[in-house]
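A quick write-up on the structure given underneath.
Protein chains in written order, with my numbering: chain A, 22 to 249; chain B, -8 to 433.
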């Protein structure tokens, strides 16, 4: 395992080396020390690398990740795993706002809480939050799954498209066009798989409520204008 | 003999003119505002209101067709390892696949490459047609992030972070369901047939400080190779330019209200933002105040039509211009050859703007395969290249007449204004005077 100490090396050197490491390389495991809230740590990975970051990070950690597994042994600032394509980003602590925003694939796991706008404009990413999420989470969510073991804040799933939302705790309020939906077998299976992949074995899929789009805003209609 | 009062001529209201009345009736009947493509159609102060002061005795002209007048431009040398080098200072603006057909995107790429300039992607992401035929391709990083892919970021030659657009600063977009083909739906990760809303703001940042960090992320992902453009709508050009520079932009793209759009509310297109003429000088002033003029390049757009417009924009301090609507016209949009079909759609060639309906007879603003096949991308690309070359020759002709051996040497001193409004907006003297409205000391 290669070690990269951001107390003595630069962020540019870290990301450049991660980008230079191709699939099939022998050095696919990386340990990053002393991130001290740095922004853009381990962004743009495009190979099956494993990066363990020891400490808390700033904005956009794991941004646009493809194939990589990034684990942050601390908390993450805004925009963690922004536009992730594939792979895994795992935050052992809390995440700030817009975690997983616009993500198109992969799995984002947050062991703690996520702030507002978690999964905003999500486009295929799966997000599992062991704690709670803040307001406007999954706003305009297009595709993928947001799993929240705790509570959700106001306006959950506002203007939702096809993303599925599973919340175990309470929801302060639902956003425009977001409604509670029945949990069918297929959804229980999806949820069970997500929980397993997130390493969560102490809750049951049956404890969750599913939310999705009522699809009344899919095509503009003046009679729905009050919802906009 | 009886006397009858002579009848008065029926008088139409200037306020409630025929168009306004038709809009009221349409709104009452349909319950929705008018959505259309294109740019502002109202008359606003524009480059036509400026004139060049050719050389006589006090200035020395260059010989046309004999003495060199360079047109090259380098964009993005501030931070990027690989700045963009173009032969001409005219680029193709961002226009999305989805709004435009694949053939249209290919034609734009072919034409731009023949003329030595760049094209720009749009809301739909990067298509193979465009990447394959564009020698220099700018990848737009948009609020919607439809089709956003880091591999495409790396395949691009520059990245344009779109914060605003001239036709709708502060507004999002709407691609109506009827234009959502299988391919468009797949690229945008949305079901077929539903209205696809483009967000008005980036979902993962909330202000200029976040923009700075976002730009840093994009640089890190692309190893600091690609120039980062920031595109703003012409609303508050001084402050938005200054903040874009502060955030780390290599290039600022400034789009005036005459800039086009794929589909937006008519009320937005016609009533929000400022004409590009009013935006250039404040943006240049911001660059000059920061000591960044010519270091951070300024690309302006919004109703650029010919070499005179290009020369005037450069004279006011821009480094390059960008064209959208004009490029579509060059490849065949609104061509009179399709007049019968335009009339069948209730309009006429030159006025067709219902691009969101996907019925464009010219095969350009459509996803209908039968219509889009009408556009020959090779021939259309040739037409665009011809047009770009003509604009460049026109720009050079004017620059030489002003005694300049590079089009970038044009300056405000080469201009005067025909109207008070244009003089004030462009910051050049009213013709026949040395007076610039709003400024003392002249």
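Ideal placement from N, C-alpha and C gives every residue a C-beta, glycine not left out.
Next item on the list: Take residue 194 (chain B) and list the residues in its own chain whose beta-carbon comes closer than 8 Å to its own, dropping the five residues that flank it on each side.
Entry: 134 and 136
Margin query: Between the stretch 386 to 394 of chain B and the stretch 197 to 216 of chain B, can you find at least three pairs of beta-carbon atoms closer than 8 Å?
Written below: no
Item checked: Cβ separation of residue 38 (chain B) and residue 300 (chain B), assumed to be a contact under 8 Å, to the nearest whole Å -> 5 Å
Notebook entry, point to check: Who does residue 151 (chain B) pair with in a DSSP beta bridge?
Noted result: B:131 and B:220
Check: Which ranges would you report for the alpha helix (DSSP H) in the stretch 263 to 345 of chain B if only whole runs of at least 4 residues count?
Finding: 267 to 280, 298 to 306, 316 to 322 and 330 to 335
Check: Mapping DSSP to helix, strand and coil, what is residue 110 (chain A)?
Finding: strand
Notebook entry, point to check: Taking Cβ positions only, does residue 139 (chain B) come closer than 7 Å to chain A?
Noted result: yes
Check: Between residue 238 (chain A) and residue 180 (chain A), what straight-line distance do the alpha-carbon atoms span, to the nearest angstrom?
Finding: 7 Å
Note to self: Determine, for residue 433 (chain B), whether the minimum Cβ-Cβ distance to residues of chain A falls below 7 Å.
What the structure shows: Only weak support is given to the placement of residue 433 (chain B): the predicted model assigns it a pLDDT of 45, under 50, and the value that follows is read from those uncertain coordinates. Not an interface residue.
Notebook entry, point to check: Alpha carbon to alpha carbon, how far is residue 185 (chain B) from residue 8 (chain B)?
Noted result: 35 Å
Next item on the list: Run the CB neighbour count on residue 77 (chain B), radius 10 Å, all protein chains shown included, and call it buried at 16 or more, exposed below.
Entry: buried
Note to self: Using the three-state DSSP reduction, which class does residue 353 (chain B) fall into: helix, strand or coil?
What the structure shows: coil
Checklist line | Assigned exposure category for residue 43 (chain A) - 16 Cβ within 10 Å defines buried | finding: exposed
Item checked: At least 3 beta-carbon pairs within less than 8 Å: the stretch 370 to 379 of chain B vs the stretch 20 to 39 of chain B -> no
Check: What residue ranges within the stretch 362 to 408 of chain B form continuous beta strand (DSSP E) runs of no fewer than 3 residues, ordered along the chain?
Finding: 406 to 408
Notebook entry, point to check: How would you list, in chain order, the residues of chain A whose beta-carbon sits under 8 Å from the beta-carbon of residue 219 (chain B)?
Noted result: Within chain A, no residue comes near residue 219 (chain B); the closest Cβ sits about 14 Å away, beyond 8 Å.
Item checked: One or two residues paired with residue 439 (chain B) in a DSSP bridge -> Limits of chain B in this structure are -8 at one end and 433 at the other, which puts residue 439 (chain B) out of reach.
Check: residue 81 (chain B) and residue 112 (chain B): beta carbons closer than 7 Å?
Finding: no
Next item on the list: Give the secondary structure of residue 110 (chain B) by DSSP, where H, G and I count as helix, E and B as strand, and everything else as coil.
Entry: strand
Next item on the list: State the DSSP-derived secondary structure class of residue 101 (chain B), mapped to helix, strand or coil.
Entry: helix
Margin query: At the level of alpha carbons, what is the spacing between residue 176 (chain B) and residue 143 (chain A)?
Written below: 15 Å
Item checked: Whole-angstrom distance between residue 104 (chain A) and residue 87 (chain A), CA atom to CA atom -> 10 Å
Margin query: Quick check on the burial criterion: 16 or more other C-beta atoms within 10 angstroms. Buried or exposed for residue 10 (chain B)?
Written below: exposed
Notebook entry, point to check: Residues of chain A with a CB under 8 Å from the CB of residue 207 (chain B): which are they?
Noted result: 60 and 61
Check: DSSP beta-bridge partners for residue 88 (chain B)?
Finding: B:91
Item checked: Run of the beta strand (DSSP E) containing residue 245 (chain B), from where it starts to where it stops -> 242 to 246
Check: What residues in the stretch 135 to 164 of chain A bring their beta carbon closer than 9 Å to a beta carbon of chain B?
Finding: 138, 141, 142, 144, 145, 160, 161, 163 and 164
Checklist line | Beta-carbon contacts of residue 273 (chain B) that lie in its chain and below 6 Å, excluding the five residues immediately before and after | finding: 228 and 229
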